[in-house]
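Peer 1: Under UniProt numbering, the first residue of the sequence shown is numbered 1, with each subsequent residue one higher.
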Amino acid sequence: MQLSLKTIQDCLVKEQLLKEFVTKDAWTFRLPNAFNKQFVDHLSYNSQDITKNTLFFCKGLNFKKDYLVDAVQNGLSIYISEQPYDVPADLGIIVSDVKKAMAILSMAFYNYPQNKLKVIGFTGTKGKTTAAYFAKSILTNATKGKTAMLSTMCSTLDGKTFFKSKLTTPESLDLYRMMNEAVQNNMTHFVMEVSSQAYKIDRVYQLFYDVGIFLNITPDHISPIEHPTFDDYFYCKRQIIAHSKQIILNRETDYFQLLKETADYFNVPTIVYGNQPTTEVDYWYQKKSQDSLAFTIVAEKDFLFISGDYQLHLAGDFNKSNALSAVIASSLLGANKKDCQTGINETIVPGRMELLKNKNNAQVYIDYAHNYDSLYHLLSFVKQDHKNGRVIVVIGSTGNKGISRRKDFGAVLSKFADIAILTMDDPADEDPKAICQEIANSITTNVTSFITVDRKKAIQQALEMSQPADAVVLAGKGADLYQKIKGEDIPYEGDSNIAKELINQEMTSW
């Protein structure tokens with residue numbers, strides 16, 4: 001891949017991002033003649049990832065001049081930043097917003113791969129990963145395997161080989177590189193999760209989705225290093241509406257009218273789904289009393305031809321809602337009803353409502369629920385399903401971010417849990433015991449609570465105290481195989497692996 005400096009100039013001018021070009025001799029608005037025929041063949045924001053013709057992006061709140069100095073020492077001659085630096089580079093490209101510039105130039109460098117794919121974007125506080133997996137499964141059937149996916153859990157660029165994701169939505173440079181790889185792998189469809197941070201820091205600047213889906217919104221990710229307020233979080237989330245060719249909205253979400261008004265203002269064709277028929281709802285689902293994993297899609301006017309019976313492998317009414325959103329989105333991009341029914345039935349999401357049985361027949365739920373809304377829906381479902389037993393919850397909260405979750409978890413545990421075992425969950429630079437104590441301090445009812453920082457011991461404790469009618473809920477980590485501690489990813493066996501190991505061995509008294 002190559003990109004001429006002339007094209008870089010044109011792209012930046014078109015987006016009104018270019019401030020000036022800086023050489024050792026002058027500052028100019030036009031590209032100096034000496035660079036008119038020059039190309040870059042590599043893009044990077046890592047000072048250790050430099051080749052002779054690299055364009056290096058000086059980005060991020062923690063960027064230091066030392067990184068640029070290192071890059072120049074490694075052979076860099078051209079950098080792009082929001083200010084000039086006194087370094088011996090041949091050319092500095094100075095812009096008003098380096099993150100937006102990186103998005104625009106990454107698109108151009110990889111020859112606009114998004115235009116060669118049908119792109120679906122899911123956003124919402126909860127359910128993004130599950131809904132994305134549903135859509136991936138449906139479209140895999142519809143396209144005969146030509147569907148790529150980026151998700152919080154795992155990603156695939158060839159439809160079959162999965163790798164662990166680093167971010168819910170990658171940096172723009174990585175996003176377009178991955179999209180290009182999907183195109184090279186002959187993929188035709190691309191399913192992705194869209195985080196609030198992706199809009200906050202312009203990872204998806206000027207990316208338009210063929211279909212966007214807004215699942216729900218509740219307060220989350222509010223902290224000094226994420227979103228300062230709920231308003232900021234919500235505003236970032238709903239940017240997907242104006243950047244979608246078609247939008248799918250959940251009638252049951254808070255602030256639905258604001259979302260609908262936004263879609264109407266931007267003239268975005270809208271389909272509304274929900275759990276009951278109203279004048280605004282196009283499609284809704286009905287539960288089947290005899291089978292908690294079955295549901296029916298119903299419509300007043302079935303213009304997508306998707307009405308009918310569907311069978312899940314994932315428990316919880318919220319997964320019926322997630323499935324419905326994915327069915328609508330996939331059908332808009334070519335999937336038929338049979339593709340949808342087969343895809344929904346075949347979907348398994350690692351760490352999402354995974355169900356095991358303890359030796360004494362107590363049910364063990366493993367789920368990624370890691371904010372108020374997802375934990376509330378998870379525990380309300382489990383409580384309803386285990387009226388004659390206790391709900392035992394193993395949970396922690398992350399360090400350095402999402403601080404409001406600790407109080408939220410205490411509130412949800414107060415409402416639904418009988419026993420809470422508070423433990424470690426990515427403590428980062430904080431004391432995990434102190435985080436657990438914050439959750440404990442927010443429990444307001446007669447919930448029996450323990451603090452067991454070692455997560456494996458906490459899981460063992462929960463399994464050993466369970467009785468046949470009980471439910472054990474391992475919440476927060478899902479399928480994660482690491483703990484984030486003091487800037488490092490420390491290997492972790494995983495909730496599911498630990499639970500299976502303990503269930504399959506003779507457990508000693510805790």
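By construction, the Cβ of each residue, glycine as well, lies at the ideal position given by its N, Cα and C atoms.
Being a predicted model, the structure only gives us computed values, none of them experimental.
1. Would you call the CB atoms of residue 349 and residue 492 closer than 8 Å?
2. Suppose you measure from the CA of residue 502 to the CA of residue 460; what does that come to, to the nearest Å?
3. Enumerate in chain order the residues of its own chain whose CB-to-CB distance from residue 478 is below 6 Å, with the five nearest sequence positions on each side excluded.
4. Tell me the DSSP bridge mates of residue 123?
5. How about residue 192 and residue 150: are their beta carbons less than 8 Å apart?
6. Measuring only the C-alpha atoms, how far is residue 508 from residue 466?
7. Going by DSSP, what residues sit across from residue 192 in a beta bridge?
8. Under DSSP, the alpha helix (DSSP H) around residue 237 begins and ends at which residues?
9. I need the DSSP call for residue 381, collapsed to helix, strand or coil.
10. Examine the Cβ distances between the stretch 134 to 154 and the stretch 332 to 351 and report whether three or more of them are shorter than 8 Å.
11. Distance check for residue 490 and residue 119, CA to CA, integer angstroms please.
12. Check for me: the alpha helix (DSSP H) holding residue 185 runs from which residue to which?
13. Rounded to whole angstroms, what's the CA-CA distance from residue 262 to residue 108? Just pull it up for me.
14. Quick one: complete beta strand (DSSP E) runs, 3+ long, within the stretch 50 to 82?
15. Report the rounded CA-to-CA distance for residue 154 versus residue 168, giving the unit in angstroms.
16. Identify, in the order they occur along the chain, each residue of the same chain with its Cβ nearer than 6 Å to the Cβ of residue 200, setting aside the five sequence neighbours on each side.
17. How many angstroms separate the CA atom of residue 126 from the CA atom of residue 105?
18. Between which two residues does the beta strand (DSSP E) holding residue 288 run?
19. Tell me the residue span of the beta strand (DSSP E) that contains residue 170.
20. When you compare the CB positions of residue 356 and residue 499, do they come within less than 8 Å of one another, or not?
21. How is residue 343 classed by DSSP in three states: helix, strand or coil?
22. For residue 319, does the three-state DSSP call read helix, strand or coil?
23. Could you give the first and the last residue of the continuous beta strand (DSSP E) run that contains residue 250?
24. When you compare each of 276, 494, 187 and 8 to residue 297 by their alpha carbons, which one comes out closest?
25. In or out: residue 3 buried (at least 16 other Cβ within 10 Å) or exposed?
26. Which first and last residues belong to the beta strand (DSSP E) in which residue 410 is found?
27. Please identify the residue among 180, 226, 319 and 148 whose C-alpha is closest to the C-alpha of residue 216.
28. Okay, do the stretch 416 to 424 and the stretch 385 to 393 touch, 3+ Cβ pairs below 8 Å being the bar?
29. Could you check which residue in 289, 206, 57 and 124 has the C-alpha nearest to that of residue 15?
30. Which partner residues does residue 40 have in the DSSP bridge list?
31. What would DSSP say about residue 258, mapped onto helix, strand or coil?
32. Do residue 19 and residue 77 have their C-beta atoms within less than 8 Å of each other?
33. So what does DSSP say about residue 363, is it helix, strand or coil?
Peer 2: In short, the structure shows the following:
1. For residue 349 and residue 492, no; Cβs fall outside 8 Å.
2. In a straight line, the C-alpha of residue 502 is about 7 Å away from that of residue 460.
3. Excluding residues within five positions, the ones whose Cβ falls inside 6 Å are 351 and 368.
4. Bridge partners of residue 123: 214.
5. A contact, by the Cβ cut-off of 8 Å.
6. Note on residue 508: pLDDT 49, under 50, position unreliable in the model; the coordinate value appears next. In a straight line, the C-alpha of residue 508 is about 14 Å away from that of residue 466.
7. DSSP, once it has assigned bridges, lists 121 and 150 as partnering residue 192.
8. Residues 230 to 237.
9. In the structure shown, the three-state DSSP call for residue 381 is helix.
10. Because the criterion of three Cβ pairs below 8 Å is met, the stretch 134 to 154 and the stretch 332 to 351 touch.
11. Their backbone Cα atoms lie some 34 Å apart in a straight line.
12. In the DSSP annotation of this structure, residue 185 is not part of any alpha helix (DSSP H), being labelled neither H nor E.
13. If I take the Cα positions, the gap works out to 29 Å.
14. Listed in chain order, the complete beta strand (DSSP E) runs (minimum 3 residues) inside the stretch 50 to 82 are 54 to 57 and 78 to 81.
15. Their Cα atoms are separated by approximately 9 Å.
16. Cβ neighbours of residue 200 beyond the five flanking positions: 236.
17. Answer to the nearest angstrom: the Cα atoms are 31 Å apart.
18. Secondary structure note for residue 288: its beta strand (DSSP E) is the uninterrupted segment 283 to 288.
19. Counting along the chain, residue 170 falls outside any beta strand (DSSP E), and DSSP gives it neither H nor E.
20. A contact, by the Cβ cut-off of 8 Å.
21. Residue 343: helix per DSSP, three-state reduction.
22. The answer is helix: DSSP assigns residue 319 an H, G or I state.
23. Segment 247 to 250, the beta strand (DSSP E) holding residue 250.
24. 276 is the residue among 276, 494, 187 and 8 whose C-alpha sits nearest the C-alpha of residue 297.
25. By the neighbour-count rule (16 or more Cβ atoms within 10 Å), residue 3 is buried.
26. Careful: residue 410 lies outside any beta strand (DSSP E), inside the alpha helix (DSSP H) at 404 to 416.
27. Nearest option by C-alpha distance: 319.
28. A contact between stretches requires three or more CB pairs, one per stretch, nearer than 8 Å, and the stretch 416 to 424 meets this requirement with the stretch 385 to 393.
29. That would be 206, whose Cα lies nearest to the Cα of residue 15.
30. Paired residues: 3.
31. Residue 258 carries a helical assignment under DSSP once its states are collapsed to helix, strand and coil.
32. Contact: no.
33. In the three-state reduction of the DSSP assignment, residue 363 falls in the strand class, which pools E and B.
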